[in-house]
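Chains as they are written, first to last, in this note's numbering: chain A, 603 to 973; chain B, 23 to 334; chain C, -15 to 263.
A virtual CB, placed ideally from N, CA and C, is assigned to each residue, including glycine.
Note that the structure is predicted; figures quoted are calculated from it, not measured.
Below is one structure, written out as structure tokens, with a few remarks after it.
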Amino acid sequence: MLTNFEKGVHPMNRSMFRAIAGAAVVASAALATACGGGQPAGEQKAAAPVAGAPVQINGAGATFPYPLYSKWFDEYHKKNAQVQINYQSIGSGGGIRQITNETVFFGATDGPMTEEQLKAAPGAILHLPTVLGADVPVYNLPGINAELKFTGPLLADIFLGKIKKWNDPAIAKVNAGATLPATDITVVHRSDGSGTTYIWADFLSKVSPEWKDKVGVNTSLNWPAGVGGKGNEGVAGLVSQTPGSIGYVELIYALQNKIAFGAVQNANGEFVKASTESVTAAAAAAAANMPADFRVSITNAAGPGAYPISSFTWLLLYEDAKDKAQSKAMVDFVKWALTDGQAFAAQLGYAPLPADVVKQEMAALERVKTQ
Amino acid sequence: MRKDLGFRLGTGVFGLFLILIVAAIGFELTRQSMLSIQKFGLAFWTNATWDPVAGEFGALPFIWGTLYSSVLALLIATPIAIGIAVFITELCPQVLRQPLVFLTELLAAIPSIVYGLWGIFVLVPIVRALQVALPDALRGLPLFSGPPLGVGMLSATLILAVMVVPFTSSVAREVLKSVPVAQREAAYALGATRFEAISAALFYARTGIVGAVMLGFGRALGETMAVTMVIGNNPQVSASLFAPQYTMAAVLANEFTEAADELYLHALIEIGLVLFIITLIVNSLSRVLIWSMSRSAKAVPSTAVQPVAAEA
Amino acid sequence: MLRRKLVSSLFVGFCGAAVILALIPLAMILFFVVSQGIRALNVDFFTHMPTPVGEPGGGMANSIVGTLILTALGSLMAIPIGVLSGVYMSEYAGTRFASAIRFAADTLNGVPSIVIGVFTYGIAVLPFKQFSALAGGIALGIMMIPIIARTTEELLLLVPGTMREGALALGATRARAVFTVVLPAAAPGIVTGIVLALARIAGETAPLLFTSFNNRFFSTNVTQPISSLTVQVFTYAISPYEDWHRQAWAGALVLVGIVFVCSLLARFATRKMSGFTRS
């Protein structure tokens, strides 16, 4: 509805005020009731009987582990009703930026923070791996039932926009037997800053010098080709709605949405499909020589059966945050997530952390000041 | 009078607050984009590269996407909006007038997010089917090149056009009403057809009509959610209607919370600043045009119950 | 003459077609919003919280309450500023300062909502290091102010000068004349303007993305992030989950319902109004 001044006219007459009065009074009354009556107290009451002061903690970041985190925070809230952890999946870039600005209490990312980013933050930030996940190449090719295979350089060329048709000889070569259509390839990538992108670009940089040179590695990229979708959700949505498209999402998004995804060749030359086992295999090697700050890349990992586009995903916590009550609650939560919480990982297509890593993290958590 | 001074100051303070908000928006946006302004200068406007990895930021793709989508939307919306305005003021039976006004203005009341939702699930598949059905001969043209995505410039343009129509048509309606009745009656008396009489009226009201179109333009430039959801979000300068592109408002919605380093953030805020300045200019211009029209046409029922002299 | 008649009929035909062309998308949108939205609209939708990602069920209770709180906060800020600057503009209509306020109001009304969001993030989120319902309310309030201010100005100008002059002649101060005579006379109309402004901002998404953020939980705390119908519909719409899509449509239906009711009320008023001005 347009207001009068937007139309550039000012017509009104005093005698109509009475007419409006009824409408206005009804409207304001409706509004008042709506505001006053609309506050069911159920949730608050549920929280009341449990011991301990209620803590609300806000966090934001990666969409890659979002399905698991939202399950975790939900389960944890059921167990500890006084703790509400509100997590918003705005992308890894967002997680880093908002924790640096201290607008959220914790961040989450799939690409570790760089030295510069760590320096820009007002306090020491701890990286805590929570779980492992994998990026998978998802595609939408109606009529193709065979599962496609990709090599690293092939994926790089597709995402560089050099391979434009599905029946390109380079694709056909590794997919003998599949009848590929002559349709155009639509590349779908993330439009937001994303750890999923970071992992993807990290892998492509390791297998394609041209990618490393032209595009590089970051949570946001200057994409040579394609369309952008917001979040893993957005990319999965675009791919499932666009015939002829290829994109990359965290494994769970492909599984939950039943989008086809291909096998990728690892450093040993094997074509491996992403699964809990193949991601765990990729992590096994990394666990042995995990750096003290947990910032490690495990893409293109060697080792039999290792899925090459795997990664840890991290929670970001200040070691010495202002609000110690929140710090305490977060440390308790992380301890739960690293132990009991790991059971939810496999259900949702994530690989649980290797036991060694959990042990190192439990030690690292001591650094977080809780009083 | 002394005793009124308190009242004048008391209410004036709130008016001042309103002015301060506008000034503060301009100031904050400038202050928070200084890094980018100093680093890129005028090249920011002409550089087509948006590369957060290398720290190189140019706003051209967003400026292009914003202007292209808005202009195309106006090309579609303007004739329709004027047609509606003429139909309602000049042609339609009296009983239909109010219902039609209500229905067309309802288009302006539907929230942007609802347009976006409808765009994703209804319009985008239609546009994709349209592109698939396009004859090969046309597909070679730069205007229609690209793979069939559905999301892209055309979807954004169509949604914008629908959203702009109610604004332009309702202002055009008011402007047409302000054309003196005598002007039209004179035309009919001279044996003019309906078309001739109405086009004379449109010509008479041209300043105001242009103002109406510009007001719609201002709306289209700043539209965020619906466009973000269907334009494809890819910073490129392309003439193709089917290419995924990006707008200034959309890049803010997508990337603002996520820009991890300072320069990136400042570049984004500079885009906000550019958008602010452009819409400010367009809106001011449109108001000046509409005002000058309604002022010159004395047939407008005057609201001129002038308040008592202000020199208190 | 025949040719002229033909051109004329073609023109009339075009104008009629234009109306139909504009009504097609309106009909389509309303059809889809109602038909898709009604499927997911049940009691749970109004009384339950969202479920974890990918699990069906749940509702938008927190978002509905969030939207009400946000619009209430916006009104709280915008109504005094809007009404009183409107009073100034009408009382001192000829002055340069009044023109400046008017210009600022019109400018503010044209500022894209996403820019208001960026601005509010800078002044109300960053300094307090906290996304909050309050920041969302400020963003929405900034959008409401110009609408309320200009509506108030228009309506006050319509109150017959004789009423005010009468009051002044009886020795009332200007403040007394305005607050006891002029404003009450225009009050119902001003409330209508406020309802219109509410309808406009209840459907806003862009200014809330970086201010009130979103909240998984039921929250009425204005210093914490809060959920809103619009942001929730956006999140659900771009997600890949069928169940979330259904809820997005339901959310859209509720939004359109709110806006539709407000518009009808305002329309009722405008129709009366046009009866006096079209002579």
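| query | result |
| --- | --- |
| Pull up the DSSP beta-bridge partners for A/SER912, would you. | A/ALA736 |
| Looking at A/PRO910 and A/ASN902, is the spacing between their C-beta atoms short of 9 Å? | yes |
| Please list, in chain order, the residues of the region 671 to 685 of chain A that have any C-beta partner in chain C closer than 9 Å. | TYR671, SER672, LYS673, TRP674, PHE675, ASP676, GLU677 and HIS679 |
| As an exercise, report each continuous alpha helix (DSSP H) stretch of at least 4 residues that is fully enclosed by the region 46 to 127 of chain B, in chain order. | 56 to 62, 65 to 68 and 82 to 108 |
| Report yes if the CB atom of B/GLY172 is closer than 9 Å to the CB atom of A/THR844, and no otherwise. | yes |
| Which residues of chain A have a Cβ atom closer than 7 Å to the Cβ of C/SER223, listed in chain order? | GLU835 and GLY839 |
| Under 7 Å between beta-carbons, which chain A residues line up against C/PRO209? List them in chain order, please. | ASN660 and ASN688 |
| If you follow the beta strand (DSSP E) that A/ILE659 is in, where does it begin and where does it stop? | 657 to 663 |
| Between B/SER262 and B/GLY162, which are expected to be in contact by the criterion C-beta below 8 Å, what is the C-beta distance as a whole number of angstroms? | Contact doesn't hold; Cβ gap of about 11 Å is too wide. |
| Taking the alpha carbon of A/SER691 as the point to measure from, which residue in A/GLU872, A/ARG699 and A/TYR668 has its own alpha carbon closest? | A/TYR668 |
| Can you give me the start and stop residues for the beta strand (DSSP E) that A/GLU879 sits inside? | No beta strand (DSSP E) contains A/GLU879, which is instead part of the alpha helix (DSSP H) from 878 to 890. |
| Alpha carbon to alpha carbon, what distance is there between C/ALA159 and B/PHE29? | 6 Å |
| Is there a Cβ of chain B sitting closer than 9 Å to that of C/PRO168, yes or no? | no |
| Closer than 7 Å by C-beta to B/VAL232: which residues in its own chain qualify, once you throw out the five before and the five after it? Chain order, please. | LEU311 |
| Under three-state DSSP, which class holds C/TYR105? | helix |
| Helix or strand or just coil, what does DSSP make of A/ASP922? | coil |
| By the 10 Å Cβ neighbour count, where 16 or more other Cβ atoms means buried, how is B/VAL203 classified, buried or exposed? | exposed |
| With H, G and I counted as helix, E and B as strand and the rest as coil, what does DSSP make of B/SER191? | helix |
| Please state whether DSSP places C/PRO34 in a helix, a strand or coil. | strand |
| Use the C-beta contact count for C/SER19: other C-beta atoms within 10 angstroms, 16 or more gives buried, fewer gives exposed. | exposed |
| Should C/PHE(-2) be flagged as near chain B, meaning a C-beta pair shorter than 9 Å? | yes |
| What residue range is occupied by the uninterrupted alpha helix (DSSP H) comprising A/GLU963? | 957 to 966 |
| Measuring only the C-alpha atoms, how far is A/ASP925 from B/ALA45? | 36 Å |
| Using a Cβ-Cβ cut-off of less than 9 Å, list which residues of the region 66 to 99 of chain B approach chain E; keep chain order. | The chain labelled as chain E is not found among the protein chains of the depicted structure, namely A, B and C. |
| Within the continuous alpha helix (DSSP H) that includes A/LEU672, where are the two ends? | Note that residue 672 of chain A is Ser in the sequence shown here, rather than Leu. Looking at the DSSP string, the run of the alpha helix (DSSP H) that includes A/SER672 is 668 to 681. |
| Closer than 8 Å by beta-carbon distance: list the chain A residues that pair up with B/PRO266, in chain order. | GLY828, VAL829 and GLY830 |
| Mind checking whether A/THR798 and A/ASN834 have CB atoms under 9 Å apart? | yes |
| Report all residues from its chain with a CB closer than 7 Å to the CB of A/LEU917; omit the five preceding and five following residues, and keep chain order. | PHE708, ALA710, LEU730, THR732 and VAL936 |
| Could you tell me whether any Cβ in chain B is nearer than 9 Å to the Cβ of C/ALA84? | yes |
| For C/ALA166, tell me which candidate among C/ILE129, C/VAL67, C/ALA6 and C/PHE202 has the shortest Cα-Cα distance. | Reading the sequence as shown, one finds Val at residue 166 of chain C and not Ala. Per the Cα distances, C/VAL67. |
| Should A/ASP712 and A/TYR855 be called a contact, given that it needs their Cβ atoms to be closer than 9 Å? | no |
| List the residues of chain C that B/MET251 touches, going by C-beta distances under 9 Å, in chain order. | PHE218, ALA221 and ILE222 |
| Relative to the C-alpha of B/ASN255, which candidate in B/LEU118, B/ILE41, B/MET315 and B/GLY174 has its C-alpha closest? | B/GLY174 |
| Are A/GLN944 and A/VAL657 closer than 9 Å when you measure CB to CB? | no |
| Could you tell me the alpha carbon to alpha carbon distance between A/ASN859 and A/GLY849, rounded to whole angstroms? | 14 Å |
| With 9 Å as the threshold, decide whether the Cβ of C/SER189 is near any Cβ in chain A. | Correcting the residue identity first, residue 189 of chain C is Thr in this sequence and not Ser. Answer no: the Cβ-Cβ gap between C/THR189 and chain A never drops below 9 Å. |
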